[in-house]
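Protein sequences appear in the order of chains A and B. Position one of the first sequence corresponds to residue 1 (my numbering), numbered consecutively onward. Position one of the second sequence corresponds to residue 1001 (my numbering), numbered consecutively onward. Okay, structure first, notes after.
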Amino acid sequence: DMKVTQMPRYLIKRMGENVLLECGQDMSHETMYWYRQDPGLGLQLIYISYDVDSNSEGDIPKGYRVSRKKREHFSLILDSAKTNQTSVYFCASSSLGGGDTGQLYFGEGSKLTVL
Amino acid sequence: QQKVQQSPESLSVPEGGMASLNCTSSDRNFQYFWWYRQHSGEGPKALMSIFSDGDKKEGRFTAHLNKASLHVSLHIRDSQPSDSALYFCAASESNYAQGLTFGLGTRVSVFP
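Next up, the structure:
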């Protein structure tokens, strides 16, 4: 069905609480990503995962960690959330193929508010 | 410095009119470009890619790439209200998605 599903869509947490954002895809894509989107800052890459247990830091990994135990599932974890982590988080996936087949497929986003 | 720069920041276009968006890369290694579109409350969706010099047309959308100047443009012909969205330019060193760097986006508003 070519879909990336994110849960939860909306989340409110207090500073210092742990946060788990989950992402699933049904396309058997090897590569998955976590981005955050903030006004005026565009899309910033947090982590990239090339396959199960093969994860690399993106441009802004500080304060985040990820877990990928199954190819179709990729989690973003915030240990002790901070107010500046309030943002909209997007998960994406892509196949290994280049060209038009290498496009990113994004989920609908998870809006996190840290109070 | 932002490696992928987009202009203008925002654009208002009458329904049926032409919208023109610009994107320039400051990194000479970025030779492959994508346009993504994001409607409010949704995730970005790939609109089209362009990897070779010249024009690429898909329906009402035409992208133009000049590799010498690392400039790519997107033209939306016969703009529709459904074209109102945030448009991102993204560039990479290869035609694989893993190395994409996004610009800050151009917000397009189509008014009746």
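Here a beta-carbon is modelled for each residue, glycine too, at the ideal position from N, C-alpha and C.
Residue of B/H1071, B/K1003 and B/P1044 minimising C-alpha distance to B/D1055
B/H1071
Can you give me the C-alpha to C-alpha distance between A/E72 and A/E30, rounded to a whole angstrom?
8 angstroms
DSSP three-state label for A/N84, please.
Helix, per DSSP.
Within 9 angstroms of chain B by C-beta, residues of the region 23-44 of chain A in sequence order
T31, Y33, Y35, Q37, G40, L41, G42, L43 and Q44
Anything in chain B within Cβ reach of A/I48, meaning under 8 angstroms, just list it in chain order.
Q1098
Interface residues of chain A around B/A1046 at Cβ under 7 angstroms?
Q103 and L104
With which residues is A/E57 paired in a DSSP beta bridge?
A/Y47
For B/D1083, the three-state DSSP class (helix, strand or coil):
helix
In terms of alpha-carbon separation, which member of B/S1109, B/H1064 and B/E1009 lies closest to B/Q1080?
Out of B/S1109, B/H1064 and B/E1009, B/S1109 has the C-alpha closest to the C-alpha of B/Q1080.
Using the Cα positions of B/K1045 and A/M15, report the straight-line distance between them to the nearest angstrom.
32 angstroms
The beta strand (DSSP E) spanning B/N1066 covers which residue range?
F1061 to N1066
For A/E108, which residues in chain B fall below 7 angstroms Cβ to Cβ?
Ordered by position in chain B, the residues that pass the 7 angstroms Cβ test against A/E108 are E1042 and G1043.
In angstroms with no decimal places, state the Cα-to-Cα distance between A/N55 and B/A1063.
33 angstroms
Taking only the alpha-carbon atoms, compute the straight-line gap between B/S1094 and B/F1051 and give it to the nearest angstrom.
9 angstroms
Rounded separation between B/S1025 and B/W1035 - CA only
13 angstroms
Below 8 angstroms on the Cβ atoms is my guess for B/M1048 versus B/F1061; work out the distance and round it to an integer in Å.
6 angstroms
Just the chain B side, please: which residues come within less than 7 angstroms of A/F90 by C-beta, in chain order?
Per Cβ cutoff of 7 angstroms: G1043.
In the DSSP assignment, the beta strand (DSSP E) including A/M32 goes from what residue to what residue?
Looking at the DSSP string, the run of the beta strand (DSSP E) that includes A/M32 is T31 to D38.
N-terminal and C-terminal residue of the beta strand (DSSP E) that A/F74 is part of:
H73 to L78 is the extent of the beta strand (DSSP E) around A/F74.
From A/N84 to A/D38, what does the alpha carbon distance come to, in whole angstroms?
Taking the straight line joining both Cα atoms gives about 10 angstroms.
Quick one, which residues of the region 1015-1033 of chain B are near chain A if we go by CB-CB under 7 angstroms, in chain order?
none
Best match in A/D1, A/S94, A/G24 and A/M2 for proximity to A/L76 [C-alpha to C-alpha]
It is A/G24 whose Cα lies nearest to the Cα of A/L76.
Spatial neighbours of A/L21 in its chain, beta-carbon cut-off 6 angstroms, leaving aside the 5 residues before and after
L76, Y89 and S110
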